[in-house]
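Q:
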Amino acid sequence: VVKSELLGLLLARLPLLEFECRKDVAQVFSSLLRKQAGEHSAAAWLEGNPEVLLAMVNAYEQPEVTLNYGLMLREAIRHERLALILLWHDPTFATLFSCLESAHFDVASDAFATCRDLLTRHKACVATFLQEHYDRFFEQYMMLVTSTNYVTKRQSLK
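In the working numbering, the protein residues as written are 531 to 688.
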C-alpha cells in the first residue's frame, strides 16, 4: 500500500469518496501508522512526503472531511517525527488556528482535539517550539481566549 503510492492517492481523493469509504480510508491509514515495517512504514513514507500531511491540514477547513482528516492527523501526531513536521511548518499553525475559530462546530472541535494532541504529546519538542515561537504562538492564542465566540473561548481555556 505504501510502496505503490496507493495511500497518497486515497488521501488526495478522500473528499471525492463516499462517507463510508472515507471512514474506511481513515481506518486503513491509522492501522498502517500503527504497524512498524522499517523503511516501508507509513510513518517513514509520510516523513519523506511531508506535503501529504500538510495537505491534510489544509483540507481541514472542508467540513465534510474534517473528522476523517482530524482522526488521521491525530494518529500521525503519535509519531514524534511527524508531529515535528506539523509543528515547524509555519503555515500549518496559522491554518489550525483559523480552524479553531471556524463557524462549523465539527471543524472547530476537531481542530481543538488535534491542537491539544499536537501540543501535549511530545513535550520536549513542543517546549523547544514554544521557546522559539513564543510571541507569535501566544499572540494567536490570546486571540482565541478573547474571542467573542463562547465555544472558542471555552475550548481554548481547557
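A virtual CB, placed ideally from N, CA and C, is assigned to each residue, including glycine.
Beta-carbon separation of Ala641 and Cys629 under 9 Å?
A: Walking along the sequence shown from the start, residue 641 turns up at place 111. Walking along the sequence shown from the start, residue 629 turns up at place 99. Yes, they are a contact pair.
Q: Are the beta-carbon atoms belonging to Gly632 and Ala624 less than 9 Å from one another?
A: The residue labelled residue 632 in the question sits at position 102 within the sequence shown. The residue labelled residue 624 in the question sits at position 94 within the sequence shown. Rather than Gly, the amino acid found at residue 632 in this sequence is Ser. No, the pair does not count as a contact, with Cβ atoms beyond the cut-off.
Q: Between Tyr671 and Ser686, which are expected to be in contact by the criterion C-beta below 8 Å, what is the C-beta distance as a whole number of angstroms?
A: In the sequence shown, the residue the question calls residue 671 occupies position 141. In the sequence shown, the residue the question calls residue 686 occupies position 156. Separation of the CB atoms of Tyr671 and Ser686 is rounded to 7 Å, and the pair is thereby assigned contact status at 8 Å.
Q: In this structure, does DSSP put Glu535 in helix, strand or coil?
A: If you number the sequence shown from 1, residue 535 lands on position 5. Residue state, collapsed to three classes: coil.
Q: Would you call the CB atoms of Ser560 and Glu605 closer than 9 Å?
A: As a working mapping, residue 560 is identified with position 30 in the sequence shown. As a working mapping, residue 605 is identified with position 75 in the sequence shown. Yes, the pair counts as a contact, with Cβ atoms nearer than the cut-off.
Q: Mapping DSSP to helix, strand and coil, what is Gln557?
A: Counting from 1 along the sequence shown, the entry for residue 557 is found at position 27. DSSP places Gln557 in helix when its eight states are reduced to three.
Q: Quick check on the burial criterion: 16 or more other C-beta atoms within 10 angstroms. Buried or exposed for Tyr680?
A: Reading the sequence shown from its first residue, position 150 is the one you call residue 680. Its Cβ having fewer than 16 others within 10 Å, Tyr680 is exposed.
Q: So Thr644 and Leu626 are supposed to be a Cβ contact under 8 Å. How far apart are they, rounded?
A: Walking along the sequence shown from the start, residue 644 turns up at place 114. Walking along the sequence shown from the start, residue 626 turns up at place 96. The pair is a contact, with the Cβ atoms about 7 Å apart (cut-off 8 Å).
Q: Start and end of the alpha helix (DSSP H) containing Leu630?
A: Within the sequence shown, residue 630 is the residue found at index 100, counting from 1. Per DSSP, Leu630 belongs to the alpha helix (DSSP H) from 620-630.
Q: Identify which residue in Phe667, His609, Pro545, Lys553 has its Cα closest to the Cα of Leu563.
A: On the sequence shown, position 33 is the one that residue 563 refers to. If we check each option's Cα against that of Leu563, His609 comes out closest.
Q: Whose C-alpha, out of Pro593, Asn598, Arg666, is nearest the C-alpha of Val558?
A: Translated into positions along the sequence shown, residue 558 becomes position 28. The shortest Cα separation from Val558 among Pro593, Asn598, Arg666 belongs to Asn598.
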